[in-house]
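What follows is a single structure, written as structure tokens, with notes after it.
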Amino acid sequence: MAAHKLNILEPSVNNMCVRVFVRAAGLDFEEENVWGRTTSPEFLAKYAAHLTPMLEEEGLPKGTLGESCAIMAYLCNKHGLTQFYPADPGERAMVDNAMFYLIGTFYPLLTRATYPTLQFPQYAGEVGTSEADDDMKAKAAKDAEAALADPLEAFRRFFLEGRQFVGGDHPSIADLRWAASLEFLRAIDYDFPAWTEDYMRRVEDALGEAYTEPAQDVRGYIAEAAQPA
Numbered sequence: 105m106a107a108h109k110l111n112i113l114e115p116s117v118n119n120m121c122v123r124v125f126v127r128a129a130g131l132d133f134e135e136e137n138v139w140g141r142t143t144s145p146e147f148l149a150k151y152a153a154h155l156t157p158m159l160e161e162e163g164l165p166k167g168t169l170g171e172s173c174a175i176m177a178y179l180c181n182k183h184g185l186t187q188f189y190p191a192d193p194g195e196r197a198m199v200d201n202a203m204f205y206l207i208g209t210f211y212p213l214l215t216r217a218t219y220p221t222l223q224f225p226q227y228a229g230e231v232g233t234s235e236a237d238d239d240m241k242a243k244a245a246k247d248a249e250a251a252l253a254d255p256l257e258a259f260r261r262f263f264l265e266g267r268q269f270v271g272g273d274h275p276s277i278a279d280l281r282w283a284a285s286l287e288f289l290r291a292i293d294y295d296f297p298a299w300t301e302d303y304m305r306r307v308e309d310a311l312g313e314a315y316t317e318p319a320q321d322v323r324g325y326i327a328e329a330a331q332p333a
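Following the numbering used here, the numbering of the sequence shown begins with 105 at its first residue and continues without gaps.
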């Protein structure tokens with residue numbers, strides 16, 4: 105039995121970054137695709153939040169752990185993987201800052217812009233889940249798409265200016281989270297600033313097949329979902 109078991113959904117970028125991480129870190133792991141089973145009694149008994157990725161490991165207080173950034177940080181701390189999560193408090197704070205900025209600011213806009221095309225469920229209270237007409241829902245998605253430019257530029261200026269990655273010379277767990285999230289923008293033919301494509305390529309080149317293999321699952325889903333009905 106592998107030391108780490110990941111419960112995943114292959115098309116998800118939230119899952120993709122952890123899948124990339126365990127491969128790049130050379131950890132002993134197994135994956136289980138739980139598509140359609142996250143609300144089953146068996147899954148809920150392990151993790152009441154019914155979300156993926158979900159790590160199962162005997163050493164955890166509850167036996168499981170959710171949220172991609174928490175999983176990657178935990179595994180870095182456990183295995184001393186300072187190349188992904190720096191030991192220096194200041195550098196580590198930058199990695200944390202980049203992850204929290206993505207989760208709190210960038211990703212909500214990303215979901216509003218891309219989830220309708222990806223056919224992913226949107227959050228309750230969003231225009232996309234309301235009784236608004238199709239034109240209003242389309243406008244909301246376009247407004248979110250337009251709003252992405254500001255946090256993207258802030259990310260470039262604050263986290264990447266003068267360095268290859270948030271982690272310096274090596275991709276950090278924040279870089280894995282950001283690069284994976286940017287993959288979803290391909291679903292809406294987003295007009296990527298040139299630096300974003302260069303950044304994504306640097307992350308993939310640095311990690312090789314560890315990145316490409318999980319990315320292909322996401323890219324394949326995007327290609328299928330974005331096909332005209």
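Quick reminder that beta carbons are idealized off the backbone N, C-alpha and C, glycines included.
Here the structure is a predicted model, which means the values were calculated and not measured.
Thinking C-alpha only, which one of the options is nearest residue i?
i      : options                           : result
Thr218 : Ala245, Arg127 and Arg123         : Ala245
Thr143 : His154, Gly271 and Asn137         : His154
Asn111 : Gly140, Ala327, Arg305 and Tyr325 : Gly140
His274 : Ala310, Gly208 and Pro225         : Ala310
Gly266 : Phe288, Ala242 and Trp299         : Trp299
Glu134 : Phe147, Ala107 and Ser116         : Ala107
Return the bridge partner residues of residue i from the DSSP annotation.
i      : result
Gly272 : Phe269
His108 : Phe133
Leu159 : Leu110 and Leu169
Do you know offhand how far residue i's Cα is from residue j's?
i      : j      : result
Val322 : Thr316 : 10 Å
Arg123 : Pro318 : 6 Å
Pro212 : Gly163 : 32 Å
Met198 : Gly184 : 18 Å
Phe288 : Ala191 : 31 Å
Ala250 : Thr209 : 14 Å
On the three-state DSSP scale, how would you describe residue i?
i      : result
Gly184 : coil
Gln320 : helix
Asp239 : helix
Pro145 : helix
Tyr347 : Because the chain in this structure spans residues 105 to 333, residue 347 falls outside the shown range and cannot be described.
Exercise. Three or more C-beta pairs closer than 8 Å, one from the stretch 276-284 and one from the stretch 190-202: is that the case here?
Worked result: Taking a cut-off of 8 Å on C-beta distances, the stretch 276-284 touches the stretch 190-202, as three or more cross pairs fall below it.
For this session: Specify whether the stretch 119-132 and the stretch 174-190 touch according to this definition: at least 3 beta carbon pairs, one from each stretch, less than 8 Å apart.
Result: Flag = yes, the stretch 119-132 and the stretch 174-190 touch.
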